[in-house]
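Asks:
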Amino acid sequence: MVRELDALYGTALRLCGGRQADAEDLLQEAVLRACQHFGELRQLAAGRAWLFRILTRTHLNRVRTMERRRETFEGDLDEGTFEQALAAWHALETRDVVIDALLQDRVTVAVDELPLPMREVLWLVDVEGFRLREVEEILDLPAGTVASRLYRARRALRDTLAPWIVMPSRKERKEQS
Amino acid sequence: MTARCGEARRLVWPDENLRVADRELVHARAHVAQCHACQSFLADMESMSNLVRRLAPRPAIAPSLKERLLSTVAGERSAAARPQPRIPHRARMVVAGAIAVAALILIVLLPTYQDGSDETWRSAISAIVGDHARGLHHDSLTTSDARVARQWLNARVAFGVHVPEVNGIVLERAEICQLNGLRACLLRYRVDGQPVSYYSYELLPNEIPHETAASAEFRQAEEAGYRVVAWEEAGVLHALVADLPADRLVALARVCRSYRNRG
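Chains E and D, in that order, are what the protein sequence lines are. Following this note's numbering, the numbering of the first sequence begins with 14 at its first residue and continues without gaps. Following this note's numbering, the numbering of the second sequence begins with 131 at its first residue and continues without gaps.
1) Can you list the residues of chain D that residue 29 of chain E reaches, using a CB-CB cut of under 8 Å?
2) Of all Cβ atoms in chain D, is any one closer than 8 Å to the Cβ of residue 167 of chain E?
3) Could you check where the alpha helix (DSSP H) with residue 309 of chain D kicks off and where it finishes?
4) Leaving out the 5 sequence neighbours to the left and right, which residues in its chain are closer than 7 Å to residue 143 of chain D when beta-carbon positions are compared?
5) Taking one C-beta from the region 180–188 of chain D and one from the region 161–171 of chain D each time, how about it: are there three or more such pairs within less than 8 Å?
6) Which chain D residues are close to residue 121 of chain E, counting only those with a beta carbon under 9 Å from its beta carbon?
7) Under the three-state reduction of DSSP, which class applies to residue 274 of chain D: helix, strand or coil?
8) Name, please, each residue of chain D whose Cβ falls closer than 8 Å to the Cβ of residue 17 of chain E.
9) Across which residues does DSSP place residue 326 of chain D in a beta bridge pair?
10) Could you tell me the alpha carbon to alpha carbon distance between residue 46 of chain E and residue 21 of chain E, rounded to whole angstroms?
11) Return the residues of the region 347–378 of chain D that lie within a Cβ-Cβ distance of less than 8 Å from chain E, sorted by chain order.
12) Between residue 319 of chain D and residue 329 of chain D, is the Cβ-Cβ spacing less than 8 Å?
13) Do you know how far the Cα of residue 182 of chain D is from the Cα of residue 15 of chain E?
14) Would you mind working out which of D:379, D:383, D:202, D:139 sits nearest residue 363 of chain D, comparing C-alpha positions?
15) Report yes or no: is there a C-beta of chain D within less than 8 Å of the C-beta of residue 23 of chain E?
16) With distances taken between CB atoms, is the gap from residue 18 of chain E to residue 196 of chain D smaller than 8 Å?
17) Under 8 Å between beta-carbons, which chain E residues line up against residue 200 of chain D? List them in chain order, please.
18) How far does the beta strand (DSSP E) with residue 357 of chain D in it reach, from first residue to last?
19) Please check if any C-beta of chain D sits within less than 8 Å of the C-beta of residue 177 of chain E.
20) I need the straight-line Cα distance from residue 138 of chain E to residue 145 of chain E, nearest angstrom please.
21) Below 6 Å CB to CB, which residues in the same chain sit around residue 254 of chain D once its five sequence neighbours on both sides are set aside?
22) Given that a residue counts as buried once 16 or more other Cβ atoms are within 10 Å of its Cβ, and exposed if not, what is residue 133 of chain E?
23) Can you check whether the C-beta of residue 140 of chain D is within less than 8 Å of a C-beta belonging to chain E?
24) Quick one: measure Cβ to Cβ for residue 317 of chain D and residue 279 of chain D, integer angstroms, because I've assumed they're closer than 8 Å.
25) Using a Cβ cut-off of 7 Å, pull out every chain E residue sitting near residue 193 of chain D, in sequence order please.
26) Quick check on residue 296 of chain D: does DSSP put it in helix, strand or coil?
27) Can you find a C-beta in chain E that's less than 8 Å from the C-beta of residue 135 of chain D?
28) Indicate whether at least one CB of chain D lies closer than 8 Å to the CB of residue 134 of chain E.
29) Throw me the rounded Cβ distance for the residue 324 of chain D and residue 377 of chain D pair, which I believe falls under 8 Å.
30) Quick one: what's residue 349 of chain D bridged to in DSSP?
31) Report yes or no: is there a C-beta of chain D within less than 8 Å of the C-beta of residue 54 of chain E?
32) What is the C-beta distance between residue 291 of chain D and residue 315 of chain D, in whole angstroms, given that I count them as a contact (C-beta under 8 Å)?
33) What does residue 139 of chain E reach in chain D if we use C-beta pairs closer than 9 Å?
34) Which residues in chain D have a C-beta closer than 8 Å to the C-beta of residue 95 of chain E? List them in chain order.
35) Indicate whether at least one CB of chain D lies closer than 8 Å to the CB of residue 110 of chain E.
36) Note the first and the last residue of the continuous alpha helix (DSSP H) segment covering residue 48 of chain E.
The structure is reproduced here in structure tokens:
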């Protein structure tokens, strides 16, 4: 657990939309819960996902306490709609100049501005590196929902960051691969 | 872009969907291999993922917060390390409730219990010695006849009175006195030329000593130069007071007690 504290804190911070005090409280509560329920962890190998599950559950409980959050994110897509959305992806254009330092702030803001259901999926997959199935378990979501939320989160980020994003050209991608 | 792009992307992105049949996946992969739009989509998704991974803030946890969390962990560990009774939660609650009730009963009854033992004895002995030492004459009947004395006393108190008749012990008088606010019987004897007072009075229910086997024997005390041997029987306190050797007084007490039981 100690090894994961930084990652847990980073996630807590994003779940709380960058509010440091809330993130600290959330992490404290989650760590306490993890200690109290350690006996329920069946496989140590799954410990990391288990910790993030506790963190996100704790956050959800806190959010529910504040505002009776609905179980289903109203923007979840059914399979057909999701396929249409996937097909509608417009390829990114490549640009020449970007300053990472500036973009980093914009990414932080853009992530924090995402609706929580998208934000938590994006963070767990892209930053913490969990696979889809793991995220489904962490967030207790049905199959397919995580993918659609991830897709929409990336699309929203792309729309927000498009003016500053530099994507490698096809030539560069081929060279990289 | 074709109508199959959406389905193919759903099946192969972000993780290959292992829940679907192999045949569907094979078709999806085959489509992506030929579709530049889908290849571009997958590349963009990967680029976006890399972008977020590379640029997302990863703040290190503040040392003070880390310390606080570690102490939380340590506290929970030590709490978990403490041996816990292997009793179900409900049983623990029942036991805790029983302990609480027992404690409450003890708190309520403890003063009574103490009054019924040491305090009762101390108070009684002190009153008896004081009365004996003052040598006051109360409401009395001067008689050496034990039967007459018993009748007289039994007419004045609520408990049964026995008047021992023992060779060498002379009954001089029967009296009714007040000890600690209670009506008591007093038999005045003379033994070996010394005055001996035999007091008896009924204890209040909360004053009755909780005797153990070890303490069921006589209580002996010495106060103001007088020796006292006392005992309790059927809620009645009996005491002999005299300026006599202890063994002699105890022997008399045994006679009185056996006589009473015999009667």
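We put the beta carbon where it would ideally sit given N, CA and C, even for glycine.
Replies: Short version:
1) Reading the first sequence from its first residue, position 16 is the one you call residue 29 of chain E. What residue 29 of chain E touches in chain D: nothing, since even the nearest Cβ is about 12 Å away.
2) To locate residue 167 of chain E, count along the first sequence from 1; it is residue 154. Cβ-Cβ to chain D under 8 Å: yes for residue 167 of chain E.
3) Taking the first residue of the second sequence as position 1, residue 309 of chain D is located at position 179. Run containing residue 309 of chain D: none in the alpha helix (DSSP H); it sits in the beta strand (DSSP E), 300–309.
4) For this step, residue 143 of chain D is matched to residue 13 along the second sequence. Hits under 7 Å: 172, 175.
5) no
6) Position 108 of the first sequence, counted from the first residue, corresponds to residue 121 of chain E. Neighbours of residue 121 of chain E on chain D, chain order: 185, 186, 187.
7) Within the second sequence, residue 274 of chain D is the residue found at index 144, counting from 1. Here residue 274 of chain D sits in coil by DSSP.
8) Locating residue 17 of chain E in the first sequence gives position 4, where the first residue counts as 1. Under the 8 Å cutoff, chain D gives no residues; its nearest Cβ is about 10 Å from residue 17 of chain E.
9) As a position in the second sequence, residue 326 of chain D is number 196, starting the count at 1. Its beta-bridge partners are D:319, D:372.
10) Locating residue 46 of chain E in the first sequence gives position 33, where the first residue counts as 1. Locating residue 21 of chain E in the first sequence gives position 8, where the first residue counts as 1. Going by the C-alpha atoms only, they are around 13 Å apart.
11) none
12) Translated into the one-based positions of the second sequence, residue 319 of chain D becomes position 189. Translated into the one-based positions of the second sequence, residue 329 of chain D becomes position 199. No.
13) Position 2 of the first sequence, counting from 1, holds the residue named residue 15 of chain E. Position 52 of the second sequence, counting from 1, holds the residue named residue 182 of chain D. Taking the straight line from one Cα to the other gives about 25 Å.
14) Sequence index remark: in the second sequence, residue 363 of chain D carries index 233 (1-based). Nearest option by C-alpha distance: D:383.
15) In the first sequence, residue 23 of chain E corresponds to position 10, counting from 1. Yes, contact with chain D.
16) Reading the first sequence from its first residue, position 5 is the one you call residue 18 of chain E. Reading the second sequence from its first residue, position 66 is the one you call residue 196 of chain D. Closer than 8 Å, so yes.
17) Counting from one through the second sequence, the residue named residue 200 of chain D turns up at place 70. Going along chain E in sequence order, the residues near residue 200 of chain D (Cβ under 8 Å) are 15.
18) Here residue 357 of chain D corresponds to residue number 227 of the second sequence, with the count starting at 1. Taken as a continuous stretch (DSSP letters only), the beta strand (DSSP E) holding residue 357 of chain D covers 356–363.
19) Residue mapping note: residue 177 of chain E aligns to position 164 of the first sequence, counting from 1. No - not a single Cβ of chain D is within 8 Å of the one on residue 177 of chain E.
20) Numbered from its first residue, the first sequence carries residue 138 of chain E at position 125. Numbered from its first residue, the first sequence carries residue 145 of chain E at position 132. Spanning the two alpha carbons is a distance of roughly 7 Å.
21) Mapped onto the second sequence, residue 254 of chain D falls at position 124. 367, listed in sequence order.
22) Here residue 133 of chain E refers to the residue found at position 120 of the first sequence. Buried, because 16 or more other Cβ atoms sit within 10 Å of the Cβ of residue 133 of chain E.
23) For this step, residue 140 of chain D is matched to residue 10 along the second sequence. Cβ-Cβ to chain E under 8 Å: yes for residue 140 of chain D.
24) Stepping through the second sequence from its first residue, residue 317 of chain D is reached at position 187. Stepping through the second sequence from its first residue, residue 279 of chain D is reached at position 149. Between residue 279 of chain D and residue 317 of chain D the Cβ distance is about 7 Å, and since that is below 8 Å, they are a contact.
25) Locating residue 193 of chain D in the second sequence gives position 63, counting from the first residue. None at all; the shortest Cβ gap to chain E is about 11 Å.
26) Against the second sequence, residue 296 of chain D aligns to sequence position 166. Three-state DSSP puts residue 296 of chain D in coil, outside helix and strand.
27) As a first step, residue 135 of chain D is located in the second sequence; it is residue number 5 there, counting from the start. By this cut-off, residue 135 of chain D is an interface position.
28) In the first sequence, the residue the question calls residue 134 of chain E occupies position 121. So no, residue 134 of chain E is outside the interface.
29) Taking the second sequence and counting its residues from 1, one reaches residue 324 of chain D at position 194. Taking the second sequence and counting its residues from 1, one reaches residue 377 of chain D at position 247. Incorrect: roughly 14 Å between the Cβ atoms, too far for contact.
30) Within the second sequence, residue 349 of chain D is the residue found at index 219, counting from 1. According to DSSP, which records beta bridges pairwise, residue 349 of chain D is partnered with D:360.
31) Here residue 54 of chain E corresponds to residue number 41 of the first sequence, with the count starting at 1. Output row for residue 54 of chain E: interface = no.
32) Numbered from its first residue, the second sequence carries residue 291 of chain D at position 161. Numbered from its first residue, the second sequence carries residue 315 of chain D at position 185. Yes, residue 291 of chain D and residue 315 of chain D are in contact; Cβ-Cβ is about 5 Å, under 8 Å.
33) Here the question's residue 139 of chain E lines up with position 126 in the first sequence. Those are 178, 179, 180, 181, 182, 183, 186, listed as they occur along chain D.
34) Reading the first sequence from its first residue, position 82 is the one you call residue 95 of chain E. Near residue 95 of chain E (Cβ distances below 8 Å), the residues of chain D are 136, 140.
35) Taking the first sequence and counting its residues from 1, one reaches residue 110 of chain E at position 97. At residue 110 of chain E, the pLDDT of 41 sits below 50, so the modelled position is not reliable; the number obtained from the coordinates is stated separately. With 8 Å as the cut-off, residue 110 of chain E does not count as an interface residue toward chain D.
36) For this step, residue 48 of chain E is matched to residue 35 along the first sequence. Per DSSP, residue 48 of chain E belongs to the alpha helix (DSSP H) from 33–49.
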